[in-house]
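In our numbering, the protein residues as written are 147 to 385.
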C-alpha cells in the first residue's frame, strides 16, 4: 500500500516523482526510520533468581544502538538528523534511529523492503517505525513535511498516527495576498511610530513620564507589538 501511494510506474531515478493520482511531488527520498529498545533485566523478587530479560516502555536511555546485523539500516543519532522529535500516543520520540532511504524507483524500493522483511527488521524490540517524506503540491503552492508513525508498546498494543506540517513556498501571490502584505507593513510602521513616540515623551517628560498609569499601558503595547513583529519575521525566515 505504501509503494502504491508513493510511486508510479513512470518514476525516474534522481528526480522528484509523482504520487499516485497526481496528488503532488515527492521531493528527495522517502525515509524509513526505526527505533528499537534494548532488553533489560526484569525487576523480580530476589528469591526468584530470574535471569530473563524484559522490554520496558521507551525512553531515550533505553535506545538500542547496536547494529544487530541490519545491513541496510544505518543508525544515526539525534545530532546527525535535522528533525524535531515527535509526540506519539505511547511516548515522545527523538530524531535518532535506524535509517533507510528508499530509492526513487518503485522496483528498487520494493527490493529494499523485501530485503528488510527477510532480515526481520520489525521484531519484539521495535517500538516505533516512521515513514518520513516531503511533498510539494503545485496547485496549492504548499510544501508539506509528512511523518507516518507506527508504535508498538511492550504489551503488544499498536498505535498509528500521522503528523503533517505545511507551509507556503511563496507567501504573497494573489491580489489578496498583496493586500495582506500591505497591512503587515502598515502594522510595522505604526509599531515603530508608537515606540518612537513613547521614547520621545519619555525623554521630554523625564521621571514624570512614569507617574502616569496610561504611559505604562502605551509603552507595554509598543514593546509587545515590536516583539510580535520580531517573532513573526523570525518565523517567516525559518520557513
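Where a beta carbon is used, it is the ideal one built from N, C-alpha and C, also for glycine.
Check: Among 240, 186, 323, 252, which has the Cα closest to the Cα of residue 172?
Finding: Looking at the Cα atoms, 252 is the closest of the given residues.
Check: Touching or not, the region 292-300 and the region 252-267, by the rule of three or more beta carbon pairs under 8 Å?
Finding: Put simply, the region 292-300 does not touch the region 252-267. Fewer than three CB pairs are less than 8 Å apart.
Next item on the list: Just confirm the distance between the C-beta atoms of residue 278 and residue 177, as a whole number of angstroms; I'd bet it's less than 8 Å.
Entry: Contact holds; Cβ gap of about 4 Å.
Next item on the list: Would you check if there are 3 or more beta carbon pairs closer than 8 Å linking the region 337-344 to the region 356-371?
Entry: With a cut-off of 8 Å, the region 356-371 and the region 337-344 count as touching, because enough Cβ pairs lie within range.
Next item on the list: Consult DSSP for residue 158 and reduce its assignment to one of helix, strand or coil.
Entry: Low per-residue confidence applies at residue 158: pLDDT is 41, beneath 50, and the placement is therefore not dependable, though the value from the model is reported in the following sentence. Looking at residue 158 - three-state DSSP - the assignment turns out to be coil, as it is neither helix nor strand.
Notebook entry, point to check: Which two residues bound the contiguous alpha helix (DSSP H) that contains residue 269?
Noted result: For residue 269, no alpha helix (DSSP H) segment is defined, and its DSSP state is neither H nor E.
Item checked: Proximal residues to residue 248 (C-beta, below 7 Å), its chain only, five neighbours per side dropped -> In its chain, beyond the 5 residues on either side, 175, 176, 178, 255, 258 have a beta carbon closer than 7 Å to the beta carbon of residue 248.
Notebook entry, point to check: If you draw a straight line from the alpha carbon of residue 314 to that of residue 364, how long is it in whole angstroms?
Noted result: The alpha-carbon atoms of residue 314 and residue 364 are separated by roughly 35 Å.
Next item on the list: Could you have a look at residue 199 and say whether DSSP puts it in helix, strand or coil?
Entry: Residue 199 falls in the strand class under three-state DSSP.
Notebook entry, point to check: DSSP on residue 235, reduced to helix/strand/coil?
Noted result: Reduced to three states, the DSSP call for residue 235 is coil.
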